[in-house]
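Quick notes on the structure that follows.
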Amino acid sequence: GGSASMTAAAFYWPETGRLECLGWFPSQPNLADRGASDGIGARYGEMASRGELSTLGHATVPVAAWLSEVMRHVEGERVAALCMDRYKQAELGQAIDAAGVRAPLVWRGFGFKDGNEDCDRFRRSCFDGLVKVAPSLLLRSAFAETVCLRDPANNIKLAKARSLGRIDAASASVLAVAQGARMLAVPAKKARVAQWV
Numbered sequence: 032g033g034s035a036s037m038t039a040a041a042f043y044w045p046e047t048g049r050l051e052c053l054g055w056f057p058s059q060p061n062l063a064d065r066g067a068s069d070g071i072g073a074r075y076g077e078m079a080s081r082g083e084l085s086t087l088g089h090a091t092v093p094v095a096a097w098l099s100e101v102m103r104h105v106e107g108e109r110v111a112a113l114c115m116d117r118y119k120q121a122e123l124g125q126a127i128d129a130a131g132v133r134a135p136l137v138w139r140g141f142g143f144k145d146g147n148e149d150c151d152r153f154r155r156s157c158f159d160g161l162v163k164v165a166p167s168l169l170l171r172s173a174f175a176e177t178v179c180l181r182d183p184a185n186n187i188k189l190a191k192a193r194s195l196g197r198i199d200a201a202s203a204s205v206l207a208v209a210q211g212a213r214m215l216a217v218p219a220k221k222a223r224v225a226q227w228v
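Numbered per the working numbering, the sequence shown finishes at 228, counting up by one with no gaps.
Right, here's the structure in full:
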């Protein structure tokens with residue numbers, strides 16, 4: 032994102048329901064000034080002290096360096112898919128290629144088409160007890176700033192509850208959990224047994 036934007040990554044293990052989320056801001060302005068301008072006081076500093084929020088880069092979060100931090104967080108794990116917003120797809124795709132990331136890429140949109148499916152899968156996973164997360168001020172704040180908008184056909188998509196709200200962590204979590212739910216919904220392929228006629 033730009034200088035005012037947060038960048039977030041969510042990590043979801045569908046077999047266990049474990050969900051983790053991290054956020055990044057550029058270092059300028061600092062977290063205290065950013066919190067004051069966003070109307071949340073010292074909350075960003077609290078998130079940073081809890082290890083949930085970091086700064087990276089100067090005026091913007093550099094995509095390649097950010098991707099390296101994301102992949103370092105799951106080093107040693109088998110990454111089944113990278114699910115990302117189509118926003119800045121070309122820039123992110125180049126960083127993925129440059130980093131040599133070898134995982135299936137899933138590009139999603141935040142309009143009503145993709146958003147409705149992702150929100151519905153996320154909500155169902157939460158209600159079914161398939162999402163387990165340690166207490167996270169980053170996620171609590173992001174979901175508190177998030178609303179769902181409905182179109183005339185009753186489809187939903189995520190949106191900010193207020194213009195200064197930061198919903199990136201909520202958005203990343205919805206994408207990650209929805210992708211995990213899609214992966215779990217794929218029926219296991221049965222091995223075909225050779226038959227002699």
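Note that beta-carbon positions come from the ideal geometry of N, C-alpha and C, so glycine has one too.
Note that the coordinates shown come from a computational prediction; the quantities given were computed from them, not determined experimentally.
Cβ neighbour criterion (16 or more within 10 Å) applied to residue i
i, result
"D199", "buried"
"V208", "buried"
"T177", "buried"
"L195", "exposed"
"R152", "buried"
"E108", "exposed"
"L215", "exposed"
"R65", "buried"
"S156", "buried"
"Y75", "buried"
"S167", "buried"
"V217", "exposed"
"A73", "exposed"
"A121", "exposed"
"A39", "buried"
"A203", "buried"
Beta carbon of residue i nearer than 9 Å to that of residue j
i, j, result
"A95", "Q59", "no"
"V110", "A134", "yes"
"V101", "L53", "yes"
"P45", "G211", "yes"
"L87", "M115", "no"
"R197", "A173", "yes"
"S99", "A130", "yes"
Residue from the options with nearest C-alpha to residue i
i, options, result
"W138", "G54, G124 and D151", "G124"
"M78", "L87, W55 and G70", "W55"
"R154", "A165, A201, L195 and L84", "A201"
"H104", "R117, L169 and Y43", "Y43"
"W97", "L169, A175 and A41", "A41"
"K188", "D149, G82, L50 and L161", "D149"
"R193", "L62, P166, D69 and K163", "D69"
"A112", "A39, R213 and G160", "R213"
"A63", "Y118, E51 and S80", "S80"
"G82", "I71, E51, E106 and A35", "E51"
"V164", "T47, A39 and A175", "T47"
"L170", "V205, A73 and Y118", "V205"
"P57", "A35, A67, A190 and W227", "A35"
"A175", "K191, N186, L161 and V162", "K191"
Per DSSP, the bridge partner or partners of residue i
i, result
"R133", "Note: R133 sits in no beta bridge, so no partner."
"V178", "A190"
"F56", "T86"
"C114", "V137"
"K119", "The partner list for K119 (beta bridge, DSSP) is empty, contrary to what the question assumes."
"E51", "F42"
"K163", "R49"
Proximity test, residue i beta-carbon vs the ligand FAD heavy atom, cut-off 8 Å
i, result
"A96", "In the structure on display, the ligand FAD does not appear, and there are no ligands present to speak of."
Using 8 Å as the cut-off, can you tell me whether the region 182-194 makes contact with the region 131-144, which would need three or more C-beta pairs spanning the two stretches below that distance?
Three or more Cβ pairs closer than 8 Å define a contact, and the region 182-194 meets that threshold against the region 131-144.
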